Amino acid sequence: MTSKAARRRFRRAERLRAFRDTRRRDRWERRRERLRKAAALLVAALIGVILTGYSGLMLMGALGLSGTPGELSVRSCDVVRDERNHPMTECHGELLSTTGRLLDASAVLDADAHAGSTVAVRAQPYFGLETLGPRAVVGWATLMLIGVFAVATGVVVALDASDRTFSLSPWTLVVLLAAIAAGALVYGLTVLYEHLF
343 MTSKAARRRF RRAERLRAFR DTRRRDRWER RRERLRKAAA LLVAALIGVI LTGYSGLMLM
403 GALGLSGTPG ELSVRSCDVV RDERNHPMTE CHGELLSTTG RLLDASAVLD ADAHAGSTVA
463 VRAQPYFGLE TLGPRAVVGW ATLMLIGVFA VATGVVVALD ASDRTFSLSP WTLVVLLAAI
523 AAGALVYGLT VLYEHLF
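To convert, take the position in the sequence shown, counting from 1, and add 342; that gives the working numbering.
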């Protein structure tokens, strides 16, 4: 065998080895990308489902459709700091049912109220008290829309990861984001109105 033929075979073998290495690397890259998308899907779907479910339950309470109706006779309100050092108003008082029966002598509600006032609430099982009114409704509805957005994002990522052709109108996402922004704006205006009046 001549040295020219040997060099040609050697070069051909090197090219074949490089081609196989490149294909192997591409396969691993595709697998890693699919795993990243699957993890993103799982996180987005989990957050979306939990947020949608919790917000939906609290929204039902704020609308007066679930929980035990009652009224909190506010004795005192204090500004306390939560675990992230954010200030919040905590009101203490007696929780009475709508029939006047005492449900809790030392109930606590996270709300902006004044000592001596009466706040309409719903006692939600496992989640405590929820105020009724536009501020609570708008706040929970906005959080629920954010949860729906997270679930929709998870679905889009899942369909993309499965290599199926899927087209989502950009207007759908724009409308959903606009609804979330409008909800946040209305919630902010409601809070401002309650503080001023």
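Where is the CB? At the ideal position from N, CA and C, for every residue including glycine. Everything numeric in this text was worked out from a predicted model, so none of it was measured.
Cβ contact annotation for L393 (same chain, cutoff 8 Å, sequence separation greater than five): L485, M486, I488, G489 and A492, in chain order. Ranking G398, L444 and E356 by CA distance to the CA of S408 puts G398 first. Burial check for Y529: the Cβ neighbour count within 10 Å reaches 16 or more, so the residue is buried. Between V461 and the set G470, P467, Y468 and L451, the nearest pair of CA atoms involves L451. Closest in C-alpha terms to G458, from the list E425, P467, L445 and L414, comes L414. Counting the other Cβ atoms within 10 Å of the Cβ of L527 gives fewer than 16, which makes it exposed.
If you draw a 10 Å sphere on the C-beta of M400, you find 16 or more other C-beta atoms in it, and that means buried. Using a Cβ-Cβ distance cut-off of 8 Å, the region 356 to 369 and the region 440 to 447 are not in contact, since fewer than three pairs of beta carbons, one from each stretch, lie closer than that value.
Distances from the CA of L531 to each of A521, S345, P476 and H434 were compared; the closest alpha carbon is that of P476.
Around the CB of A523, fewer than 16 other CB atoms lie within 10 Å, so the residue is classed as exposed. If you look at T394, you'll find it in the alpha helix (DSSP H) that goes S345 to A404. Here L437 is buried: its Cβ has 16 or more other Cβ atoms, across all protein chains shown, within 10 Å.
Nearest to G525 by C-alpha distance, out of A483, R350, G395 and L474, is A483. Ranked by Cα distance from L445, the first of V517, A453 and G435 is G435. Rounded to the nearest whole angstrom, the CA to CA distance from P467 to G403 is 10 Å. Judged by their CB atoms, V479 and L384 are not nearer to each other than the 9 Å cut-off.
A Cβ-Cβ contact shorter than 9 Å links P429 with V421. When the alpha-carbon of T495 is set against those of G481, T473, L474 and L519, the nearest one is in L519. By the Cβ-count criterion, G395 is exposed, with fewer than 16 other Cβ atoms from all chains shown falling within 10 Å of its own Cβ.
Within the same chain, V416, C419, C433 and V461 come within 7 Å of A455 by CB-CB distance, once the 5 residues on both sides are set aside.
The beta-bridge partner set that DSSP reports for V461 consists of L414.
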